[in-house]
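Undergrad: Under UniProt numbering, the first residue of the sequence shown is numbered 1, with each subsequent residue one higher.
Every residue, glycine too, gets a C-beta built ideally from N, C-alpha and C.
Can you read through this structure? Questions will come right after.
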Amino acid sequence: MPESSASTAPLPAPVLRRREHCPGCHRSSARTLHKEPLDSPGISRYMREHYERRVERDFSGYDYELAQCEHCGLAYQAQVPTEELLQEIYDRWLPATEREAVVSRWGLDDYRYLAGQVEFMLDHFRMRPSSIRALDFGFGWAEWAKMAGAFGVNVCGAELSQVRIDYAKSVGIPVVDASRLPDGEFHFINTEQVFEHLLEPGEMLQRLGRALTPGGLIKVSVPNSERSIRKLVGSGDFSRLDDGDIMAIAPFEHINAFTHASLSALGREAGLVPLRPSLRKLYNSSSGWMEPKSALKTLARPIYRHLYPKSTFVYFARPA
Ligand SMILES: [Zn+2]
1 MPESSASTAP LPAPVLRRRE HCPGCHRSSA RTLHKEPLDS PGISRYMREH
51 YERRVERDFS GYDYELAQCE HCGLAYQAQV PTEELLQEIY DRWLPATERE
101 AVVSRWGLDD YRYLAGQVEF MLDHFRMRPS SIRALDFGFG WAEWAKMAGA
151 FGVNVCGAEL SQVRIDYAKS VGIPVVDASR LPDGEFHFIN TEQVFEHLLE
201 PGEMLQRLGR ALTPGGLIKV SVPNSERSIR KLVGSGDFSR LDDGDIMAIA
251 PFEHINAFTH ASLSALGREA GLVPLRPSLR KLYNSSSGWM EPKSALKTLA
301 RPIYRHLYPK STFVYFARPA
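What follows is the structure, encoded as structure tokens:
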């Protein structure tokens with residue numbers, strides 16, 4: 001139970017628990033970047049709107065607390081939901097994320113970009129697609145896995161949500177148990193918007209790193225929270241942030257707040273090295289050049305994603 005609620009104890013059982021160590025490097029020297037009651041006006045407004053008034057709990061006595069590890073620099077929420085609350089959040093609070101709602105927002109550019117990532121992977125390994133073993137870790141609605149499968153890649157996935165597992169199986173994507181990944185198995189592991197949610201991102205990256213073949217690659221793509229942290233620390237008040245700022249450091253959900261530096265450190269701790277892809281390969285894997293609107297994006301994206309030094313989309317390689 002958080003210290004601040006010890007005397008008032010407003011809730012029958014604690015719904016948050018404290019992380020005693022940095023979830024990236026497991027060291028225990030951290031400083032508090034920001035602390036604010038969970039029922040402050042700024043956080044209450046966000047909760048009402050983001051969860052569309054589905055939250056019935058009273059969070060008085062609890063704090064939103066953003067800490068930063070003094071060793072690896074990772075910023076993280078020091079108080080995280082217990083298993084029970086996590087279940088409630090993902091089952092009852094979250095806005096509908098049915099597959100129809102998600103794919104109805106996807107356009108040609110999104111699928112092209114996904115295809116470009118798969119082409120980049122194939123170009124990198126220069127092997128027949130069917131001899132590449134890939135894992136889509138935390139696959140959601142399996143869009144990446146399906147795209148890789150369409151290119152002939154030998155792809156499987158891991159996911160927690162049963163309805164998504166059932167969907168993936170129904171479209172022919174084999175699902176494996178994430179807690180029993182064999183060592184040295186995969187040439188490529190895809191993770192898209194996964195690591196910001198994990199209680200133990202450092203341990204998970206080590207485990208996934210071991211599951212790579214020597215020379216294998218893991219893609220880690222997470223929200224970049226640099227601007228959000230700067231604004232929150234600068235203003236000292238959640239109500240000064242807009243929804244875009246809040247997303248990267250969202251209470252309860254995005255419990256690890258990465259920057260390029262802390263993501264790179266996470267890779268180093270796991271014995272992985274960042275890959276700096278060549279622009280030739282990135283451009284070679286991009287289409288949409290002949291449309292003025294998408295050509296600009298096609299030109300700029302490889303630069304800000306992979307050459308601009310502050311990106312939080314990184315390919316890490318397991319040393320050969
Ligand atoms: Zn750390």
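Residues around ligand 1, please: the ones whose beta-carbon is closer than 6 Å to some heavy atom of it, in chain order.
TA: With the cut-off at 6 Å, the residues found are Cys22, Gly24, Cys25, Arg27, Cys69, His71, Cys72 and Leu74.
Undergrad: Looking at the structure shown, is Thr298 part of a helix, part of a strand, or coil, going by DSSP?
TA: Mapped onto the sequence shown, residue 298 falls at position 298. If DSSP states are grouped into helix, strand and coil, Thr298 belongs with the helices.
Undergrad: If I follow the unbroken beta strand (DSSP E) through Gln79, where does it start and stop?
TA: Counting from 1 along the sequence shown, the entry for residue 79 is found at position 79. Its beta strand (DSSP E) spans residues Gln79 to Pro81.
Undergrad: When the Cα atoms are used, what is the spatial distance from Tyr283 to Thr298?
TA: If you number the sequence shown from 1, residue 283 lands on position 283. If you number the sequence shown from 1, residue 298 lands on position 298. Going by the C-alpha atoms only, they are around 8 Å apart.
Undergrad: Would you tell me roughly how many angstroms separate the C-alpha atoms of Ser239 and Phe186, rounded to the nearest one?
TA: Position 239 of the sequence shown, counted from the first residue, corresponds to residue 239. Position 186 of the sequence shown, counted from the first residue, corresponds to residue 186. Those two C-alpha atoms are separated by around 44 Å.
Undergrad: I need the DSSP call for Ser5, collapsed to helix, strand or coil.
TA: As a first step, residue 5 must be located in the sequence shown, where it is residue number 5. Model confidence at Ser5 stands at a pLDDT of 46, short of 50, so the residue's coordinates are unreliable and nothing is read from them.
Undergrad: Which residue wins for smallest C-alpha separation from Val118, given the options Ala101, Val103 and Asp136?
TA: Looking up residue 118 in the sequence shown gives position 118. Ranking the options by Cα distance to Val118, first place goes to Asp136.
Undergrad: When you compare the region 207–215 with the region 171–185, are there three or more beta-carbon pairs, one atom per stretch, that lie closer than 8 Å?
TA: Output reads yes: the region 171–185 touches the region 207–215.
Undergrad: What is the residue span of the beta strand (DSSP E) that Tyr64 lies within?
TA: Numbered from 1 along the sequence shown, position 64 holds the residue referred to as residue 64. Taken as a continuous stretch (DSSP letters only), the beta strand (DSSP E) holding Tyr64 covers Asp63 to Cys69.
Undergrad: Could you give the distance in angstroms between the alpha-carbon of Gly149 and the alpha-carbon of Val155?
TA: Taking the sequence shown and counting its residues from 1, one reaches residue 149 at position 149. Taking the sequence shown and counting its residues from 1, one reaches residue 155 at position 155. Looking at the two C-alpha atoms, the distance is approximately 6 Å.
Undergrad: Helix, strand or coil for Pro274, going by three-state DSSP, please let me know.
TA: As a first step, residue 274 is located in the sequence shown; it is residue number 274 there, counting from the start. Reduced to three states, the DSSP call for Pro274 is strand.
Undergrad: DSSP three-state label for Val55, please.
TA: Residue 55 sits at position 55 when you count from the first residue of the sequence shown. Three-state DSSP puts Val55 in coil, outside helix and strand.
Undergrad: Since Arg92 and Arg54 are thought to touch, with beta carbons under 8 Å apart, how far apart are those beta carbons, to the nearest angstrom?
TA: Here residue 92 corresponds to residue number 92 of the sequence shown, with the count starting at 1. Here residue 54 corresponds to residue number 54 of the sequence shown, with the count starting at 1. Indeed, because the Cβ distance is near 6 Å, the residues count as touching under 8 Å.
Undergrad: What distance in whole Å lies between the Cβ atoms of Lys231 and Asp243, which are believed to be in contact at a cut-off of 8 Å?
TA: Here residue 243 corresponds to residue number 243 of the sequence shown, with the count starting at 1. Here residue 231 corresponds to residue number 231 of the sequence shown, with the count starting at 1. Wrong, their Cβ atoms sit about 12 Å apart, outside the cutoff.
Undergrad: Apart from the five residues on each side of it in sequence, which residues of its chain come closer than 8 Å, Cβ to Cβ, to residue 361?
TA: In the structure as shown, the chain begins at 1 and stops at 320. Residue 361 is therefore absent and cannot be evaluated.
Undergrad: Around the Cβ of Tyr315, are there at least 16 other Cβ atoms within 10 angstroms (buried) or fewer (exposed)?
TA: The sequence position of residue 315 within the sequence shown is 315, counting from 1. Buried.
Undergrad: Taking Cβ to Cβ, would you say residue 345 is nearer than 7 Å to Ser225?
TA: Since the first residue of the chain shown is 1 and the last is 320, residue 345 is not available in this structure.
Undergrad: What are the start and end residues of each continuous alpha helix (DSSP H) run of 4 or more residues lying completely inside the region 121–191, in chain order?
TA: Within the region 121–191, the complete alpha helix (DSSP H) runs of at least 4 residues are 143–150 and 162–170.
Undergrad: Between the region 21–29 and the region 43–50, do three or more beta carbon pairs fall short of 8 Å?
TA: Short answer: they don't touch.
Undergrad: Using the C-alpha atoms, what's the distance from Lys219 back to Arg105?
TA: For the purposes of this step, residue 105 is taken as residue 105 along the sequence shown, with counting starting at 1. For the purposes of this step, residue 219 is taken as residue 219 along the sequence shown, with counting starting at 1. The straight-line gap from Cα to Cα measures roughly 23 Å.
Undergrad: Just tell me which of Leu86, Pro81 and Leu272 has its CA closest to the CA of Glu203.
TA: Position 203 of the sequence shown, counted from the first residue, corresponds to residue 203. Selected option, being the one with the closest Cα: Leu272.
Undergrad: Helix, strand or coil, according to DSSP, for Glu98 in the structure here?
TA: Reading the sequence shown from its first residue, position 98 is the one you call residue 98. DSSP places Glu98 in coil when its eight states are reduced to three.
Undergrad: Output the distance between the C-alpha atoms of Lys169 and Leu208, rounded to the nearest integer angstrom.
TA: The sequence position of residue 169 within the sequence shown is 169, counting from 1. The sequence position of residue 208 within the sequence shown is 208, counting from 1. Straight-line Cα distance between these residues: approximately 22 Å.
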